[in-house]
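Asks:
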Amino acid sequence: MRKLIIFSLIAIALVFSACNNSNDNSTSIIKMFNEEQITETINALSEKFGETNSFRIERGVNQVASLWQEQDGNFEDFNQYCLDYFINDNKELDNAYNKLEQHFEVLNGYFNAMTVSLMEPLHLDMGEIHHIDNIMGAYSPSAHLTDDLFQNKLAFYIALNFPAYSLKEKVEFAENWTRIDWAYARMGDMFISRIPADLIQKAATAETNADSYIAEYNIYMGKLVDADFNTHFPENMKLITHWGLRDELKSNYNRENGIKKQEMIYNVMLRIINQDIPSEIINSDNYEWNPETNKVYKDGKETQIDKEPDTRYFHLLENFKAQSAMDAYNPVYPSYIERAYDRNMELTQKEIEDLFVSFITAPEIKQVADLIKSRIGRDLRPYDIWYDGFKARTNINEDALTEITSNKYPNPEAFENDIPRMLQTLGWTDKKAEDISSKIIVDPARGAGHAWGAEMKGEKAHLRTRIPETGMDYKGYNIAVHELGHNVEQTITLYDIDYYMLHGVPNTAFTEAVAFMFQANDLKLLGTENNIDKTESDALAALDNCWSAYEIMGVSLVDMYVWQWMYENPEATPAQLKDAVINIATEVWNNYYAPVFGIENSPILAIYSHMIASPLYLANYPIGHLIEFQIEEYIEDKNFADEISRMLLQGQIIPQEWMKGAVGTIISGKPTLNAVNKALEIIK
Ligand SMILES: [Zn+2]
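Next up, the structure:
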């Protein structure tokens, strides 16, 4: 059976290489050996082993050649290595897979357990943090593992025998792949690049610099003045771009003077995007500033200050240079755009672009915009992408809930002991609830808390939660239930999965979706039913979900198009990049937002800090929203435990296959839009 599949793989692989996309011809992959030498080795293997495995031979030899470096030996060594270690027999290949899987579970499992333990003084409420705790907390026991596996040549053994498939191929082959094919493919993903340490270091430095730049980009709101020299914000209010500015803007709906403050924040954002913000306004309260006129004052007298010298775009460009420098060492994904989408999210750029464009051009969006317009009683402004008025008003008193949670959970043990009951409430059998719970341990957290899964069977997942002397408050409880969702996912996908290489979920959006679904059941688990109108709260949730997806999809498209532009203009200066970003953001606005808002030429979609500090990460958020909505809609009338377990046991296959298996369709905005249609009948 597998032979048949592999035969069809060859045909498809040929088609793929025949229609190279534009990214491929700009990047030449660095290889120690030339094509003739590689062909010589392939021929030698074909002679020795025959044609049965010609696809695996060709792919394996090429893969090893792309990873082989001078210290590994010369061409003779390479050639001999391939001849000696290629596995031609299917039984032996299975045997090798099983051994490797077992060893990787040991390596991952113990390294993870070590890190969990070494970080305990930092994460748990264990008194003052010592200098030693900081050093050992930052120490990574597995930092040299990859190097070691290249040195003992296990990495080459895997690359030679377990083909690395690109996302396009995984999509193409998914229909015919069995579970073991997926497991082999995940093994093949293990060693697909070998980036020189100095390039990794440079990329980390560029990202850290961009991060610090953003982390220290605060605006002193009490220093903002209007034309009459009035201030409108609290004197000591200091807001970080863009999160703090955005959240303040959101909180000013239906407030006295709200629109004046919103306009001021909007002008600050435009100055940041355009980089004509006076440089000494950033992170400083030395001057008064009118963001509308861009005039600066010292003690009431106007003064001149230089604008920020395009630093924002300098950092973006540094990230681009550092990331694209690695292209030549990534034969499977030879551009950062492919690595961010195809490799990390396992969705192609085109797929994401099409999904987002079809969502944001849906007719429902305009209807939601009209609803917002009537709710706020004025024409829309560009910053209304952050309209915040679709929140269900709960009429449950939070203090009353805290009374219940603090009595129920005076300490972490009490929460841990209650997990079996919670899981039974969600539909797990008594036995299974006990089984899952026995693999989760609740620790007293120092900070807000988190969920940290095990990486090997026999180890436990950790739920970290902070419980004050007075017992767990409702907010803490709500978060703990979210973290419990993560722990349950981690436990099921580790202990119950058929192949270790498939443990986990396709990407972070999936584990968040599961955690949010647990969190949404928090009152049910407490035995207190929400007494707000469910029809209304569901309708509001649909509108809220839709509007925030609409906003962040546009931002993600800008991010995506900017990276394409940088690849087309690798020699650009920060000033040129600034112009390009503004043009791109304005174009996306004019295409997809101007028709809805009735207002043209706003570059507001370029304000996100993620674009500068976490390149191409943004698309994860709206995808997460859509997935969550699809799964929730699907399981609404079904047994929560059965459905979640069934979905999770698919493990780490690609996202679209996971979704097809989970809810019957690929990732789609339709369930959200359907819910919006219903909601528009209810909310006026
Ligand atoms: Zn989470």
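If you count the sequence shown from 1, position 610 lands on 611 in our numbering, and the numbers rise without skipping.
By construction, the Cβ of each residue, glycine as well, lies at the ideal position given by its N, Cα and C atoms.
These figures come from a predicted structure and were not determined experimentally.
Within its chain, find whatever has a CB closer than 7 Å to the CB of H124; leave out the 5 residues flanking it on each side and keep chain order.
Replies: Here residue 124 corresponds to residue number 123 of the sequence shown, with the count starting at 1. Once the five neighbours on either side are set aside, the close Cβ partners of H124 are A446, R447 and R465.
Asks: DSSP state of E170, grouped into three classes?
Replies: Against the sequence shown, residue 170 aligns to sequence position 169. Here E170 sits in helix by DSSP.
Asks: Can M567 and F321 be called in contact, C-beta distance under 8 Å?
Replies: Within the sequence shown, the letter at position 566 stands for residue 567. Within the sequence shown, the letter at position 320 stands for residue 321. Yes; because the gap between Cβ atoms is below 8 Å, this pair is in contact.
Asks: So for K432, helix, strand or coil by DSSP?
Replies: The count along the sequence shown starts at 1 and reaches residue 432 at position 431. Note: K432 maps to helix in three-state DSSP.
Asks: For L348, tell me which candidate among A510, L485 and E460 has the shortest Cα-Cα distance.
Replies: Within the sequence shown, residue 348 is the residue found at index 347, counting from 1. Taking only the C-alpha atoms, the option nearest L348 is A510.
Asks: If I measure Cβ to Cβ from D499 and keep anything under 7 Å in the same chain, skipping five residues before and after, which residues do I get?
Replies: Within the sequence shown, numbered from 1, the residue matching residue 499 stands at position 498. Here the set comprises R180.
Asks: Residues bridged to L68 by DSSP?
Replies: Residue numbering aside, residue 68 sits at position 67 when the sequence shown is read from its first letter. According to DSSP, L68 bridges with nothing at all.
Asks: If we count the other Cβ atoms within 10 Å of its Cβ and call it buried at 16 or more, is S603 buried or exposed?
Replies: Counted from its first residue, the sequence shown places residue 603 at position 602. Classification of S603: buried, given that the 10 Å Cβ count is 16 or more.
Asks: Count the CB pairs spanning the segment 537-556 and the segment 605-619 that are closer than 8 Å, and state whether there are at least three.
Replies: A contact exists between the segment 537-556 and the segment 605-619.
Asks: Contact defined as beta carbons within less than 8 Å: I believe Y288 pairs with K392. What is the distance between those atoms, to the nearest angstrom?
Replies: Start at 1 with the first residue of the sequence shown, and residue 288 comes out as number 287. Start at 1 with the first residue of the sequence shown, and residue 392 comes out as number 391. So it is not a contact: roughly 37 Å between Cβ atoms.
Asks: Within 10 angstroms of the Cβ of K639, are there 16 or more other Cβ atoms? Answer buried if so, exposed if not.
Replies: Stepping through the sequence shown from its first residue, residue 639 is reached at position 638. So K639 counts as exposed.
Asks: Mind checking W429: buried by the 16 CB within 10 Å criterion, or exposed?
Replies: Position 428 of the sequence shown holds residue 429. Per the 10 Å Cβ criterion, buried.
Asks: To the nearest angstrom, report how far apart Q81 and E93 are at their CA atoms.
Replies: Within the sequence shown, the letter at position 80 stands for residue 81. Within the sequence shown, the letter at position 92 stands for residue 93. Roughly 20 Å separates the two Cα atoms.
Asks: Assuming W687 is part of the beta strand (DSSP E), what are its boundary residues?
Replies: Residue 687 is absent from the model: the chain starts at 2 and stops at 685.
Asks: Would you give the residue range spanned by the alpha helix (DSSP H) that D643 belongs to?
Replies: Here residue 643 refers to the residue found at position 642 of the sequence shown. Taken as a continuous stretch (DSSP letters only), the alpha helix (DSSP H) holding D643 covers F641 to L649.
Asks: Could you check whether A165 and V62 sit closer than 8 Å to each other, using their CB atoms as the reference points?
Replies: Position 61 of the sequence shown, counted from the start, is the residue given in the question as residue 62. Position 164 of the sequence shown, counted from the start, is the residue given in the question as residue 165. Taking 8 Å as the Cβ cut-off, V62 and A165 do not qualify as a contacting pair.
Asks: Between the Cα of E453 and those of E236, E121, E601 and I136, spot the shortest distance and give me the residue it belongs to.
Replies: Taking the first residue of the sequence shown as 1, we reach residue 453 at position 452. Strictly speaking, residue 453 in this sequence is Trp, with Glu absent from that position. It is E121 whose Cα lies nearest to the Cα of W453.
Asks: Quick check on the DSSP output: what are the complete alpha helix (DSSP H) runs of length 4 or more inside the segment 574-638, in order along the chain?
Replies: Runs found: 575-593, 595-598, 611-614 and 621-636.
Asks: Under 7 Å from any heavy atom of ligand 1, does the C-beta of E513 make it?
Replies: As a working note, residue 513 is residue 512 in the sequence shown. It does: the Cβ of E513 is within 7 Å (strictly closer) of some heavy atom of ligand 1.
Asks: Pop quiz: P656 and N508 are said to be a contact at Cβ under 8 Å. What is the actual Cβ separation, rounded to whole angstroms?
Replies: Here residue 656 corresponds to residue number 655 of the sequence shown, with the count starting at 1. Here residue 508 corresponds to residue number 507 of the sequence shown, with the count starting at 1. Yes, they are in contact, since the Cβ atoms of P656 and N508 sit about 6 Å apart, within 8 Å.
Asks: For R465, write down the residues that DSSP places opposite it in a beta bridge.
Replies: By 1-based counting over the sequence shown, the position of residue 465 is 464. Paired residues: D444 and H451.
Asks: According to DSSP, is V226 part of a helix, a strand, or is it coil?
Replies: If you number the sequence shown from 1, residue 226 lands on position 225. It is coil, neither helix nor strand.
Asks: Where A542 and K685 are concerned, what is the direct C-alpha to C-alpha distance, given to the nearest angstrom?
Replies: Along the sequence shown, one-based indexing puts residue 542 at 541. Along the sequence shown, one-based indexing puts residue 685 at 684. Their Cα atoms are separated by approximately 14 Å.
Asks: By the three-class DSSP mapping on this structure, what secondary structure does G670 have?
Replies: Here the question's residue 670 lines up with position 669 in the sequence shown. Coil, per DSSP.
Asks: Counting beta carbon pairs with one atom in the segment 137-146 and one in the segment 111-118, are three or more of them shorter than 8 Å?
Replies: Result yes; three or more Cβ-Cβ pairs closer than 8 Å.
Asks: Indicate the three-state DSSP secondary structure (helix, strand or coil) for P279 in the structure shown.
Replies: Taking the sequence shown and counting its residues from 1, one reaches residue 279 at position 278. Strand.
Asks: Which stretch, first to last residue, makes up the beta strand (DSSP E) that contains L240?
Replies: Position 239 of the sequence shown, counted from the first residue, corresponds to residue 240. First-last of the beta strand (DSSP E) with L240: K239 to I241.
Asks: Taking Y111 as the reference, give the member of A455, Q263, I377 and E490 with the closest Cα.
Replies: Stepping through the sequence shown from its first residue, residue 111 is reached at position 110. The candidate whose alpha carbon is nearest that of Y111 is A455.
Asks: Under the three-state reduction of DSSP, which class applies to Y218: helix, strand or coil?
Replies: Counted from its first residue, the sequence shown places residue 218 at position 217. Y218: coil per DSSP, three-state reduction.
Asks: If you follow the alpha helix (DSSP H) that N291 is part of, which residue opens it and which one closes it?
Replies: Position 290 of the sequence shown holds residue 291. Not the alpha helix (DSSP H): N291 falls in the beta strand (DSSP E), residues E289 to N291.
Asks: What I want to know is whether the C-beta of A620 ends up closer than 7 Å to one or more non-hydrogen atoms of ligand 1.
Replies: Residue 620 sits at position 619 when you count from the first residue of the sequence shown. No, Cβ of A620 sits at least 7 Å from all heavy atoms of ligand 1.
Asks: Which runs of the alpha helix (DSSP H) at least 4 residues long sit entirely within the segment 30-111? Give them in chain order.
Replies: Qualifying alpha helix (DSSP H) stretches, in chain order: 36-50, 55-68 and 76-86.
Asks: Closer than 7 Å: is that where the CB of H483 sits relative to any heavy atom of ligand 1?
Replies: Taking the first residue of the sequence shown as position 1, residue 483 is located at position 482. Yes.
Asks: Check for me: the alpha helix (DSSP H) holding V563 runs from which residue to which?
Replies: Here the question's residue 563 lines up with position 562 in the sequence shown. Here the alpha helix (DSSP H) through V563 covers K535 to E569.
Asks: Give the range of the beta strand (DSSP E) segment to which K458 is assigned.
Replies: If you number the sequence shown from 1, residue 458 lands on position 457. Element bounds for K458: n/a, residue is neither H nor E.
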